[in-house]
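Student:
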Amino acid sequence: MGSAVENVLTLDTLNPNVIELQYAVRGPIVIRATQIEDELLAGEKKPFPKVVKANIGDCHATGQKPITFIRQVLALCTYPELLKSNDFPADTKEKAKRLLDGCKGHSLGSYSDSCGLNVIRKDVAAFIEERDGHPSDFNDIVLSTGAGDAIKSVMTLLLTAKDGVNKAGFMIPIPQYPLYSAAISEFGAHPIPYYLNEKASWSLDVSELERAI
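Numbering-wise, the sequence shown is residues 1 to 213 according to UniProt numbering.
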């Protein structure tokens with residue numbers, strides 16, 4: 001029998017892949033930026049009035065105005081009583097009703113199928129069909145909670161190693177989105193970095209891919 005200490009989660013017993021994981025989106029530079037923001041809020045004088053975090057696509061944080069239509073539809077879906085209000089345009093009510101009709105119990109609080117709401121998957125399929133000019137089946141559409149989760153789901157499908165033998169390698173462009181290297185570390189896979197051609201508008205060079213492999 002192992003000791004009680006061995007059964008406790010510590011840095012020594014934690015998944016080593018998690019310990020090795022590095023996520024630059026929340027790395028030392030971003031941590032320091034947050035500290036500076038706190039200092040500014042506390043009244044500390046700086047040669048600048050605010051911090052602009054350009055490492056991620058957080059558009060609203062940098063001043064982009066939200067799309068009113070989307071906000072109104074979300075409000076109607078989360079609180080359907082607002083459908084009785086005259087303060088919302090007819091098109092937002094129509095959209096909200098359609099989405100709620102696609103939810104079990106007509107509520108966003110209900111569970112959806114693992115692939116997502118059918119009403120939204122059908123809209124996605126229709127968009128792809130119109131964009132690409134060939135049939136698209138909504139049964140082939142899987143929704144995710146965001147790009148990060150979708151990327152990790154696809155990467156999971158490619159982790160074909162057994163018992164740590166022949167670990168999968170993922171080719172990632174440099175400069176790269178930190179999620180890639182973080183997910184690779186988390187999954188215990190191998191990163192295979194390759195460089196984009198900066199002089200040719202950051203284009204892809206086949207010879208560089210061959211070198212990296």
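Here a beta-carbon is modelled for each residue, glycine too, at the ideal position from N, C-alpha and C.
1) Does the beta-carbon of A61 have 16 or more other beta-carbons within 10 angstroms, so that it is buried, or is it exposed?
2) Sort F170, I174 and P175 by Cα distance to S185 and report the nearest one.
3) Cβ of Y195 within 8 angstroms of Cβ of I172?
4) What's the call for Q72, buried or exposed, on a 16-neighbour Cβ count within 10 Å?
5) When the Cβ atoms of the stretch 140-148 are set against those of the stretch 99-118, are three or more pairs found closer than 8 angstroms?
6) Between the C-alpha atoms of C59 and V30, what's the straight-line distance to the nearest angstrom?
7) What does DSSP give as the partner residue(s) for S181 in the beta ladder?
8) With a Cβ-Cβ cutoff of 8 angstroms, do K167 and A189 count as a contact?
Tutor: Let me spell this out:
1) As a working note, residue 61 is residue 61 in the sequence shown. With fewer than 16 Cβ atoms within 10 Å of its Cβ, A61 is classed as exposed.
2) Your numbering for residue 185 matches position 185 in the sequence shown. Among F170, I174 and P175, the Cα nearest to that of S185 belongs to F170.
3) Against the sequence shown, residue 195 aligns to sequence position 195. Against the sequence shown, residue 172 aligns to sequence position 172. It is not a contact, given that the beta carbons lie outside the stated cut-off.
4) Your numbering for residue 72 matches position 72 in the sequence shown. Flag for Q72 reads buried.
5) yes
6) As a first step, residue 59 is located in the sequence shown; it is residue number 59 there, counting from the start. As a first step, residue 30 is located in the sequence shown; it is residue number 30 there, counting from the start. Whole-angstrom Cα-Cα distance: 16 angstroms.
7) Here the question's residue 181 lines up with position 181 in the sequence shown. In the DSSP output, where bridge partners are listed per residue, S181 has none listed.
8) Here the question's residue 167 lines up with position 167 in the sequence shown. Here the question's residue 189 lines up with position 189 in the sequence shown. Cβ distance < 8 angstroms, so K167 and A189 count as in contact.
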